[in-house]
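Colleague: Quick mapping for you: the protein sequence lines, in order, are chains D and P. The first sequence runs 14 to 86 under my numbering. The second sequence runs 3 to 127 under my numbering. Each residue gets a CB set at the ideal place from its N, CA and C atoms; glycine is no exception. Here it is, the structure, as structure tokens.
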Amino acid sequence: MGIVAIAVAIVASFAAIAGAFGVAIVVKSTLQGITRQPEIRGPLQTIMFIGVPLVEALPIFAIVIAFLLLGNI
Amino acid sequence: MNELESLLKRYTIYSVIIIGSLILGTLFISDATFLAGMAVGAIFSLLNLYSTYFQVKRLTSSVMDSKVRFSFGTIGRIIVVLLALLIAEEFPQYLDLTGVIIGLAFKYCILLIDPIFYFRTRSTG
Numbered sequence: 014m015g016i017v018a019i020a021v022a023i024v025a026s027f028a029a030i031a032g033a034f035g036v037a038i039v040v041k042s043t044l045q046g047i048t049r050q051p052e053i054r055g056p057l058q059t060i061m062f063i064g065v066p067l068v069e070a071l072p073i074f075a076i077v078i079a080f081l082l083l084g085n086i
Numbered sequence: 003m004n005e006l007e008s009l010l011k012r013y014t015i016y017s018v019i020i021i022g023s024l025i026l027g028t029l030f031i032s033d034a035t036f037l038a039g040m041a042v043g044a045i046f047s048l049l050n051l052y053s054t055y056f057q058v059k060r061l062t063s064s065v066m067d068s069k070v071r072f073s074f075g076t077i078g079r080i081i082v083v084l085l086a087l088l089i090a091e092e093f094p095q096y097l098d099l100t101g102v103i104i105g106l107a108f109k110y111c112i113l114l115i116d117p118i119f120y121f122r123t124r125s126t127g
């Protein structure tokens with residue numbers, strides 16, 4: 014039981030760190046691009062709209078797995 | 003309508019078609035907890051997609067206006083996913099947990115498959 018709880022904590026925390034870094038990189042790059050060239054705001058917004066969910070998929074499903082593990086304790 | 007809005011409209015149409023067909027399947031098949039779970043997961047997935055859309059719009063407009071704005075972003079979307087899982091765990095007689103998880107992944111399937119169809123129709127039509 015204790016080992017599973019530690020595993021859940023590790024999975025959730027690493028998922029949070031990975032999600033934060035991934036989304037930060039995508040958002041930072043997009044916002045830098047918009048600041049440099051405001052005229053290509055539309056395409057950059059679209060790329061960000063597709064990129065952010067794809068980066069977020071991994072942490073979200075890691076947390077789902079952590080949640081399922083927690084349910085099986 | 004700009005590119006982002008037309009993209010969101012297309013994704014919404016796909017999601018509504020999928021959710022509608024899943025609800026129809028739930029109505030016509032007896033003991034369809036899996037399909038009901040997939041429908042609930044797809045609804046929460048669509049909610050997450052709209053949350054992403056509004057976040058992207060707010061972030062880019064805040065850069066243009068040089069304003070600092072706070073948003074929950076990823077944490078909010080994770081809470082939405084956990085809410086879907088909690089609902090599925092609370093009502094196991096109506097919703098299958100595996101179905102809800104698969105339904106939550108519909109958004110990513112749409113995001114990955116849409117460009118193939120979109121560019122094919124744009125190049126032929």
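#1: How is Gly27 of chain P classed by DSSP in three states: helix, strand or coil?
#2: Note the first and the last residue of the continuous alpha helix (DSSP H) segment covering Val65 of chain P.
#3: Of the residues that make up the segment 51–82 of chain P, which ones have a beta carbon closer than 8 Å to any beta carbon in chain D?
#4: Let me see if you follow: with CB-CB separation under 7 Å, is Tyr110 of chain P close to chain D or not?
#5: Can Val42 of chain P and Leu97 of chain P be called in contact, C-beta distance under 7 Å?
#6: Please classify Asn4 of chain P as buried or exposed, where buried requires at least 16 neighbouring CB atoms within 10 angstroms.
#7: Flag Glu7 of chain P as yes if its beta-carbon sits less than 7 Å from any beta-carbon of chain D, otherwise no.
#8: What in chain P is Cβ-close to Glu69 of chain D, meaning under 7 Å?
#9: Express the C-alpha separation of Ala70 of chain D and Gly27 of chain P in angstroms, rounding to a whole number.
#10: Quick check on DSSP: helix, strand or coil for Gln50 of chain D?
#11: Any C-beta of chain P sitting closer than 7 Å to the C-beta of Gly32 of chain D?
#12: What are the boundary residues of the alpha helix (DSSP H) that includes Ala90 of chain P?
Modeller: Short version:
#1: Counting from one through the second sequence, the residue named residue 27 of chain P turns up at place 25. Gly27 of chain P falls in the helix class under three-state DSSP.
#2: Mapped onto the second sequence, residue 65 of chain P falls at position 63. 35–67 is the span of the alpha helix (DSSP H), which, as asked, contains Val65 of chain P.
#3: Leu51, Thr54, Tyr55, Gln57, Val58, Lys59, Leu61, Thr62, Val65, Met66, Gly75, Thr76, Arg79, Ile80
#4: Position 108 of the second sequence, counting from 1, holds the residue named residue 110 of chain P. Yes, Tyr110 of chain P lies at the interface with chain D (some Cβ there is under 7 Å from its Cβ).
#5: Mapped onto the second sequence, residue 42 of chain P falls at position 40. Mapped onto the second sequence, residue 97 of chain P falls at position 95. Closer than 7 Å, so yes.
#6: Start at 1 with the first residue of the second sequence, and residue 4 of chain P comes out as number 2. Asn4 of chain P is exposed by the Cβ-count criterion.
#7: Here the question's residue 7 of chain P lines up with position 5 in the second sequence. Glu7 of chain P does not count as touching chain D.
#8: Locating residue 69 of chain D in the first sequence gives position 56, where the first residue counts as 1. Result: Thr76, Arg79.
#9: Position 25 of the second sequence, counting from 1, holds the residue named residue 27 of chain P. Position 57 of the first sequence, counting from 1, holds the residue named residue 70 of chain D. Roughly 27 Å separates the two Cα atoms.
#10: By 1-based counting over the first sequence, the position of residue 50 of chain D is 37. Coil at Gln50 of chain D, not helix or strand.
#11: Along the first sequence, read from residue 1 onward, the residue named residue 32 of chain D stands at position 19. It does: the Cβ of Gly32 of chain D has a partner Cβ on chain P nearer than 7 Å.
#12: Start at 1 with the first residue of the second sequence, and residue 90 of chain P comes out as number 88. Unbroken alpha helix (DSSP H) run through Ala90 of chain P: 76–92.
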